[in-house]
Structures are given as structure tokens and as C-alpha cells.
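Please read the structure below before turning to the comments.
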Amino acid sequence: MKYRELTMEDRRRIILEGNVLKTLFLLSIPTIMMAIVQAMIPFTDGLYLNHIIGPERTGAITYSQPTINIMLGLSQGLGVAAMAMVGQMAGKGDVKEVKKISLQVLVFGIFCGIVLIPVSLFVASYISTTVTKDMTNDVYLYLSLYSLVIPFQFMASIFNSIKDGTGNPEASFCRMVVLLILKVFFNFIFLELLRLDIKGAVFASLSAYIVVSFWMYYDLFLKKYEYQLNINDYRFRFSIIKTLIKIGIPSMISYMMINLGFLLINMEISKYGAIVIAGLGIASNINSLCFQLPSCISTTVTTMVSLNIGVGNKEKAKKIYKIGLTIATIIALVTLGIIIPNVTKLTLLFTSHEKVLNVADSALKIYTYSILPYGIFMICQAIFNALGRTTVPLIMSFLRIWLFRYVFILCTQKYLSYYSVFYGNLFSNVVAAIFFIIIIYRIKWESGIKYAR
């Protein structure tokens, strides 16, 4: 039977009863493809922006991204909690509860995104004061306008969680493909034809997400399938939201603190000027593709483990972890073999500015070696998320960015200059991966979710 012909019940059955390796590959194919497509969005954005508005002005967008991601950390945390809750209900075959949880999370997520619009405007005023004068206006403009995109990104994040939690990751993949195509199209319109510079970058994102939101609405509410939602069934359920927040808060804080760490690191780098930030931005655009590949398997691991834990099959859950870890490691090693010999060729795609290229090449060479420990870290994190034990990833993510990386940068910056950022990335991922592997062998493989009443 072809993958797309599998019903939700078929997928639930193969996750619970099928061969782990075959099932992992079957469900991971759309996830891996999605990761590649997802990473192509900042990659293509970077190509457009660096060539049209120049690497120095593109650096303002690079600097702003952690600030946006801090706010989006709320949606990511909600998404992690939703995937665990939906996944465990799907594992039990409780279709009614899956639909109820999905609808509650979706409405709550969109509401949170709308609330963040005025917050974003306030944040933009402050962040624009932390950069050099030549970047101030661009940073403020980008952050202010981007506030309009945030509610749509919340909807997209929750959509992915609902689909992934029910073992239907190809729906997330299709959405991402459509988004990529639309982003390229609108980038061409607003940046290439209309030459709107920073404004054009935001308008391209906003236009793409608006169109995709209509598609997501159709998929969730109009398309006929087992978990079809009905907005008329919505009644605020405090118990579900309370459980969602309880499970999601650690992940929310984790994502937000991680990106706050990135923001503080950017502030440390900003004193070296726009050229260094631009070079780091190019390396990050390429790395977004590299880092997605070994870690994308973690989404499938979360789904498979949560469903098996939901029915008490902890031995199979452990087997899924071990096989997932092996696959992520292999993907990381293959990626290293492809990227390292082609570093200069890749950075030349973005700019010919010699000083920017020097920074980008150095950053990419060191960053790329972090792929292996990062992939291991993500698989371990997936296990705790699947179990609903999101406090552990919170603590470990905090340590990875704030202790292992940020403190490393502060201690070595005097000797390594901005190279301390590159080596700090590698050091933090290696140490965090080692710690996580040690912890994972000491946990109880049982659900940590206790539903509120």
C-alpha cells in the first residue's frame, strides 16, 4: 500500500505494531523532505536579500531574527505540548479527544499570536537601540512590520503539531512546499520588481503566510478525513488549556531562553560591525539546511514514541530511540562529507564581498562540525517531549546555550575575538549531547502527562 493511501488508523497500527526501522523511514521521508524545504526558505531569502539589498543591510535582518524567534518560542512550546497530547490520544484510538484537543490548541495558539502584535512593536523600539546607528532604522522597521506575520506563524506551528501528532507528517510537508514556492514568488515581486528592500522582505513573508493560512483552514476544517475539525464544536475547555500550558511551559521557556541567548550573542558580535553579522548570517542560512537534516528525524521519533507510550509499549519506545539515534548520526556524517569540501562554493552563492566571505567561510567550517552532536541532542530531546517530560529539555537547552555556549564566548572572546562564537557553538553541542545521553539511560519510560480536571 502506498504511503498516501494509508488511513489514520493504518498509520496508528503500523506505528504500534509494524517494524520500527521500516516505519521510521516511512514516516520520516516526508519529514526529511519537509526539513529540506523548510531550510530552503531562509536559504532562498538569504540569496535574494544579499544580492538585492547587500550583505550589510541583510545583517539587520539576521540580527533581528532571534528577537522574532523569542516570541515564536511560545508557538513552538505549544506545538510540542500539542503533539504529545494529540499523539497519545491518537495512540489510544480516541478520535473524539484528538479533535477536541486539536481545536482547543489551534484557537488558543492563534489568539496568543494576535496578542503578541503590540508586544512586538514595543520590543522593536528597544532592540533597535542595541545596534550601531547604521543598522538602527532597518532593525526597527523589520521587527515592527514582522509583528503582522506572527499570528500566521502560530497557526502554522499548531497545524504541524496536529498533523505530526496523528502520524500525518506529509500534510506539514505539503504546506511547507507551498510556502516555499510562495516565498520565492513574493520575494521576486517585492524585492526584485518593486525594490522595497526591508519592507519587501516582510511583505513577501506576510503574503505567503496569508495564502497558506487559507490552505491550512481547508485542510483542517473542510477536507473530509478522520480528524476533520468543526469550528462550531468549539467550547473553551479550561482543563485542556491548563494541561497544554502545564506541559508546554517548559518547552516555551526553553525555546525562548535559547533565542534570548542567541540575541545576547548577537549583541556581543554587533560591536564587530555589520560585516561580521552579515558573514554570520550567510553561514546561518547554509547551516539552517545542514542542521535540519540530522535533527528532522526527531519529529518522527516523538510521534512514534508518544503513541507507543500511550498504550504502555515502553520496550518498543526504547527501540525507536536507539534506531532514531543511529539514523540521525548517519545523516549527520553524510552531511558533513558533502558540506565541508564545498564551503567556499556555497558562500559565494550569497556574495562576492571579500571581507564578508572570510567571516562566512570561517563560521561555516566550524559550525558544520556541530551537526553530529546537535542531531544526537535533538533525538534525546524528542524522547522527553514524547513522554511529556518537557522540564528536562528545558534545563538542558538552558545549559546548552547559556552555560556551555554563552559563558564560553564571554570567557574566550578576549583571545578568539568573534571566533569564540563559532567554537562556542561546537563546544556547547558536544557537551550537551554527552549530558543528554547519560540522562536518558536513567529515566522511566512512562508518560509524565497528568490531565487536569
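Take the sequence shown: its letters are residues 53 to 505, numbered as in the numbering used here. Ideal Cβ positions, reconstructed from N, Cα and C, are used throughout, including at glycine.
How about residue i and residue j: do their beta carbons lie closer than 9 Å?
| i | j | result |
| --- | --- | --- |
| Leu130 | Gly161 | yes |
| Tyr419 | Asn365 | no |
| Ile329 | Thr119 | no |
| Ile523 | Glu498 | Here the chain comprises residues numbered 53 to 505, so residue 523 is not present and cannot be evaluated. |
| Thr399 | Ile334 | yes |
| Thr403 | His103 | yes |
| Thr137 | Gly440 | The question names Thr, yet the displayed sequence has Met at residue 137. Yes, they are a contact pair. |
| Ile490 | Pro425 | no |
| Leu193 | Tyr100 | no |
| Val254 | Leu197 | yes |
| Ile67 | Leu359 | yes |
| Leu341 | Ile88 | yes |
| Leu332 | Tyr421 | no |
What did DSSP end up calling residue i once you bin it into helix, strand or coil?
| i | result |
| --- | --- |
| Glu278 | coil |
| Phe225 | helix |
| Lys496 | coil |
| His103 | helix |
| Gly313 | helix |
| Thr355 | helix |
| Lys323 | coil |
| Asn220 | coil |
| Gly364 | coil |
| Val147 | helix |
| Gly111 | helix |
| Tyr307 | helix |
| Asn121 | helix |
| Asn481 | helix |
Among the residues of its own chain, which have a CB less than 6 Å from the CB of residue i, if the five just before and after it don't count?
| i | result |
| --- | --- |
| Thr464 | Ser472 |
| Ser347 | Gly427, Met430 |
| Asn337 | Pro94, Phe95, Gly98 |
| Ser322 | Val183 |
| Ile250 | Asp190, Leu193, Tyr194 |
Let me know if residue i comes out buried or exposed under the rule of 16 or more other beta-carbons within 10 Å of its beta-carbon.
| i | result |
| --- | --- |
| Lys275 | exposed |
| Glu406 | exposed |
| Pro170 | exposed |
| Gln280 | exposed |
| Ser469 | exposed |
| Lys185 | exposed |
| Pro393 | exposed |
| Ser246 | Checking the displayed sequence, the identity of residue 246 turns out to be Leu instead of Ser. By the 10 Å Cβ count, Leu246 comes out exposed. |
Would you say residue i reaches chain D, if we count a Cβ-Cβ gap shorter than 9 Å as a contact?
| i | result |
| --- | --- |
| Ser257 | Absent from the structure: chain D. Only one protein chain is present. |
Whose C-beta lies closer than 8 Å to the C-beta of residue i among residues of the same chain, with five residues either side of it excluded?
| i | result |
| --- | --- |
| Arg452 | Ile310, Phe429, Ser480, Asn481, Val483, Ala484 |
| Thr181 | Thr188 |
| Phe488 | Ile428, Phe429, Cys432, Gln433, Met448 |
| Trp267 | Arg227, Val230 |
| Gln344 | Ala87, Ile88, Gln90, Ala91 |
Less than 7 Å between C-beta atoms, sequence neighbours within five positions excluded: which residues of the same chain meet that for residue i?
| i | result |
| --- | --- |
| Val175 | Thr119, Leu195 |
| Met85 | Phe225 |
Can you tell me whether residue i sits near the ligand ZN, meaning its C-beta is under 8 Å from at least one heavy atom of the ligand?
| i | result |
| --- | --- |
| Gln156 | Only the bare structure without any ligand can be found here, which leaves the ligand ZN out of the picture. |
Q: Report yes or no: do three or more beta-carbon pairs, one from the stretch 348 to 360 and one from the stretch 208 to 224, lie closer than 8 Å?
A: Because the criterion of three Cβ pairs below 8 Å is met, the stretch 348 to 360 and the stretch 208 to 224 touch.
Q.
Under 8 Å, with one C-beta from each stretch per pair, do the stretch 231 to 242 and the stretch 250 to 260 reach the 3-pair mark?
A. With a cut-off of 8 Å, the stretch 250 to 260 and the stretch 231 to 242 count as touching, because enough Cβ pairs lie within range.
Q | Stretch-stretch touch, CB-based, cutoff 8 Å, three pairs: the stretch 442 to 454 with the stretch 284 to 302 | A | Counting Cβ pairs under 8 Å, three or more are found: they touch.
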